[in-house]
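What follows is one structure encoded as C-alpha cells, with my remarks underneath.
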Amino acid sequence: MIAAVFFTGVDWFVLLGYFVAIMALGLFFWRRNNTADQFTAGGRTLPGWLCGLSIFATYLSSISYLALPGKAFVDNWNAFAFSLALPVAAAIAVRFFLPLYRRSGEVSAYSLLENRFGLWARLYASCFYLLFQIARIGVVMYLMALPMAVLFGWDIRIVIIVTGIIVTIYSFVGGIVAVIWADAIQAVVLLAGALLALGILLFDMPGGPSEVIEVANSHDKFSLGSTSLFDVSQPTLWVVLAYGLFDNLRNFGVDQSYVQRYIAASSDREAAKSVWFGALLYVPVSALFLFIGSSLFAYYESHPEQTQEVRVIVAEQKMMQAGIAPDAPEYTAQLNETIDSLTEKDLGDRVFPHFIAANLPTGARGLLIAAVFAAAMSTVSTSLNSSATLVMSDFYKRLFRPESSDSEHVHVLRASTVAWGAMGTVMALALVRLTESVLDIWWMLSGVLGAAIIGLFLLGIMVPKIRGAAAVLVLLDGMLLIAWMAASKTDYWPSRWRDVASPFHPLLVIVIGPTAMILLGWIIAKLRSEKANEAAVD
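For the sequence shown, this note's numbering gives the first residue as 225, with consecutive numbering after it.
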C-alpha cells in the first residue's frame, strides 16, 4: 500500500501527538465530572462562541470531511443546497425552539413532548433518536476507518474495532465540557488540514489553480444540479434544498446533541450566538470541501496513473468485502475483472484518502489523518454523550428509579456511553459491505429516522389544539407514510407492487412526512372545532 511506505516517523509523531493532547484534555476534566449535571450540561456556564465551535465541529464530521469531496468528485455541487438551507433553519430554531429548551430547565430535549402530548411522545422521540445515533456513529466511524485502511493496507474491520474502542474511552473519560473543548480544538485541526490539502491540490497541477477550475468546470463539476421544479424523483436543487431545510430543523430544533449545547450556554443570548456561529461557519466550510472534491477530479484527470492506483485499492476492498482472500485461486483474475467493472461512483469516497497518502509532504500527512480523526471524534463523542444523557434522563430516571441518586446517574451515563459506543461500532462494521456513496446512505438514514420526530415537534408548535389520541393517530399515519416512501425505494420492495411505489426521491421523506403530519393534524383539529361549535349551538 502507498502510505505504508510514505507514512514517516514525523507523520506518526504528529498523529500520536494529537491523540495524546486530546486524551490529556479529557483526563483534565475527569475529576470535574462527578455530578450528572456537570457530565451532561457542564454547569450551564459556557460561552456562546465555544458552544458554537462545538456545534460546527459536530456538524463537520468525517461525513463532511470525506463524503462531501467524494460527492463533488463523482457528481457536482448539488449537496451545497443542503448548506444553503442552514441559515433559515437556524433562524427558526433561535426564534421558536431555543427559548423553549432554555425555559424548561430539563436536560432532555424530549421532555417538552411529554408536556405537550404525554409520556408516550417523549419515549417515542428518545427511542428513535437513540437509533438515529447508532446509525450516525456507524457512518462516521466507517468513514474514519476508510483512510486508515487505504493508508496502511490494514483490514478495515480491525481499524473500525480499534478506533471504536479509542473513541469510546475518550467519550467515557470526558463529560460535555471536555467534549465541547475538544470540539473547539478539533475544529481548528479540521480547517488547517483542509486548507493545507487544497493548497497542495491547486498548486500541484501543471497549470495551477486556473487549470483546476477549467478542467472541473468543463465537466460541470460546479453545477448545483437540475433546477427542475417538477421532477421530484431526482435529487434536484429544490429537492436537496427542501431536504436541507427539514433535516437542519431536525438538527437545530430537536437533536439532543445540539440542545445540550444550548443548555450548557451561560445565557439565552450566548445560546443563540452558538447556533448562528455554528451554522454560518459551516456554510463556507462545506463549500470548501466540495471545492476540494472538484479539484480532486481535475487533479486525477491529469494524473491517470494515480487514478489507476485508486481503482486497484477500491477493487481490493471490494474483494475483501466479498470475503475473497488474496491467496484464493484466481484472485488476480478476479481482481482485474473487478477493476475493469468499476465506475467513477465507486471511487468517490476513496479519492481524498488516496491523495493524502500519495501526495502530501512529511508531517502534513500526519496532520490530515489527525484531521480525519478529529472530524470523527468530535461527532462520535457528542453522539455518545447525548445518547447517554437520554438513557439516564428519559428512561432510568423517568421510568425506573425516579428517586435515584446523583451518583447512580453518573454510573448510568458512563455505562450508556460504553453501550452506545459498542453498538455504533457494530453498525460501522455492517457498513463495510456497502459500496454506494456513504453520503447518500447517510442522508437516507437521517431522513427516515428523523422525519417523524421533527413532524411531532412541528405538530405540537403549529397545531396547538391537537392532543391525546388524535396526536397518536397523526404520528402513526406519518410513520406509515414514511415507511412506504422509504421501503418502496429499496430492492426489497416486491416487483408486483411497483405500481404503488413512491414517486418521490428518498430525500423527500423528511419533507413530506412532517408536512403531511402537520396538515392531517390541522384537519383533525379543524373538524373537532367545527363539531364542538355545532354542539354548542344545539
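All C-beta atoms in this analysis are idealised placements derived from N, C-alpha and C, irrespective of residue type, glycine included.
For residue 562, the uninterrupted alpha helix (DSSP H) segment begins and ends at 555–565. By the neighbour-count criterion, in which 16 or more other beta carbons inside 10 Å mark a residue as buried, residue 361 falls on the buried side. The beta-bridge partner set that DSSP reports for residue 270 consists of 489. A contact is defined here as three or more CB-CB pairs under 8 Å, and the segment 385–397 fails this definition with respect to the segment 578–593. Residue environment analysis places residue 644 among the buried positions, since at least 16 neighbouring C-beta atoms fall within 10 angstroms of its C-beta. Using a Cβ distance threshold of 8 Å, residue 507 and residue 310 count as a contacting pair. Straight through space, the alpha carbons of residue 472 and residue 676 are spaced by roughly 14 Å. Along the segment 507–593, the alpha helix (DSSP H) occurs as fully enclosed runs of 4 or more residues at 528–545, 555–565 and 568–583, listed in sequence order.
The residue among 736, 735, 732 and 691 with its C-alpha nearest the C-alpha of residue 748 is 691. Excluding residues up to 5 positions away in sequence, 302, 303, 305, 306, 449 and 731 lie with their Cβ nearer than 8 Å to the Cβ of residue 464 in the same chain. Inclusion of residue 597 and residue 325 in the CB contact set at 8 Å is not warranted, their separation being larger than that value.
Sequence-distant Cβ neighbours of residue 548 in its own chain, meaning closer than 8 Å and more than five residues away, are 555 and 558. Using a C-beta cut-off of 8 Å, the segment 495–504 makes no contact with the segment 532–551, since fewer than three inter-stretch Cβ pairs fall below that distance.
When secondary structure is reduced to three states using DSSP, residue 302 falls in the coil class, being assigned neither helix nor strand.
Between residue 678 and residue 734 the beta-carbon gap is near 7 Å, inside 8 Å, which marks them as a contact. Across the structure, residue 341 and residue 350 are spaced so that their CA atoms are roughly 14 Å apart. The way I'd put it, the segment 600–619 does touch the segment 630–650; three or more beta-carbon pairs between them come closer than 8 Å.
Nearest in C-alpha terms to residue 500, of all of 720, 553, 261 and 317, is 317.
For residue 458, there is no enclosing alpha helix (DSSP H), since its DSSP letter is neither H nor E.
Counted as a single uninterrupted DSSP element, the alpha helix (DSSP H) harbouring residue 396 occupies residues 380–397.
In the displayed model, residue 626 falls within coil according to three-state DSSP, outside both helix and strand. Here residue 573 is buried, its C-beta having at least 16 other C-beta atoms within 10 Å. Of 283, 686 and 564, the smallest CA-CA separation from residue 750 is found for 686. In terms of Cα proximity to residue 416, the closest of 356, 513, 565 and 300 is 513. Burial is judged here by how many other beta carbons sit within 10 angstroms of a residue's own beta carbon; residue 357 has at least 16 and is buried.
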